[in-house]
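The structure appears below as structure tokens.
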Amino acid sequence: MKKYIIYLLHFYKIQNNRKKGNNIGRLLVVEFKENETHPFDEIMEVFRKYPDFQKYEVDYAPAISLHDLEILPDQRKVYCGEQEVSLTTKEYNLLCYFAANEGRVLTYEQIYQRIWGNYVQDIENNTIGSHVCKLREKLYKACPNRQFEIRCVREIGYCFEAK
Numbered sequence: 001m002k003k004y005i006i007y008l009l010h011f012y013k014i015q016n017n018r019k020k021g022n023n024i025g026r027l028l029v030v031e032f033k034e035n036e037t038h039p040f041d042e043i044m045e046v047f048r049k050y051p052d053f054q055k056y057e058v059d060y061a062p063a064i065s066l067h068d069l070e071i072l073p074d075q076r077k078v079y080c081g082e083q084e085v086s087l088t089t090k091e092y093n094l095l096c097y098f099a100a101n102e103g104r105v106l107t108y109e110q111i112y113q114r115i116w117g118n119y120v121q122d123i124e125n126n127t128i129g130s131h132v133c134k135l136r137e138k139l140y141k142a143c144p145n146r147q148f149e150i151r152c153v154r155e156i157g158y159c160f161e162a163k
């Protein structure tokens, strides 16, 4: 797995030796291969010397391939065979969550907390069902000979199964 390290340095316009509200940001994105330790260590040493740098780490997620379905997390794209499947943000997030938990029954509560961030019993089950229905329509249309299924587990949640 690749890991991208992003540093953000804020420069301020200085007027009369005081910081003003005019914040000018600079962004540096650095990618290293596993064996490139020396240049990485040198750059990290420079960053440690300057406390104004803010560090953000972003993991590069590899593609998820399940037979004819391919999910590219770093591009937020889904392909069935050679055909790209256009999904909304929620549909895409649902598919990634389901695929990452292949074969496992995910409860409505788990799904709602992961995708929407909170959970209130009755209303959200319908919301999840609606989004899953649209996700299925799009995937099943794009993949008529699919090797996967999004199965409803009555009153519990959903399970993504690859055949």
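Take the sequence shown: its position 57, counted from the start at 1, is 57 in UniProt numbering, and no numbers get skipped. A virtual CB, placed ideally from N, CA and C, is assigned to each residue, including glycine. Small disclaimer: the values here were computed from a predicted structure and weren't measured.
For residue i, count neighbouring C-beta atoms within 10 Å of its own C-beta (all shown protein chains included) and say buried if the count is 16 or more, exposed if not.
i           : result
residue 81  : exposed
residue 151 : exposed
residue 85  : buried
residue 157 : buried
residue 132 : buried
Closer than 7 Å by C-beta to residue i: which residues in its own chain qualify, once you throw out the five before and the five after it? Chain order, please.
i           : result
residue 99  : 64, 66, 71, 160
residue 126 : none
If you reduce the DSSP assignment to three classes, tell me which class residue i lands in.
i           : result
residue 136 : helix
residue 24  : Reliability fails at residue 24, whose pLDDT of 49 lies under 50, so the model's placement of it is uncertain and no value is given.
residue 130 : helix
residue 156 : coil
residue 163 : coil
residue 151 : strand
By the DSSP assignment, the beta strand (DSSP E) with residue i in it spans what residues?
i          : result
residue 89 : Where residue 89 is concerned, there is no enclosing beta strand (DSSP E), although the alpha helix (DSSP H) it sits in stretches over 89-100.
residue 84 : 83-85
residue 80 : 77-80
Within the continuous alpha helix (DSSP H) that includes residue i, where are the two ends?
i           : result
residue 115 : 108-115
Could you pull out every residue in the same chain whose Cβ sits closer than 6 Å to the Cβ of residue i, ignoring the five residues on either side in sequence?
i          : result
residue 97 : 114
Which residues in the same chain as residue i place their Cβ atom closer than 8 Å to its Cβ, once the five residues preceding and following it in sequence are excluded?
i          : result
residue 87 : 78, 95, 135, 138
residue 92 : 76, 78
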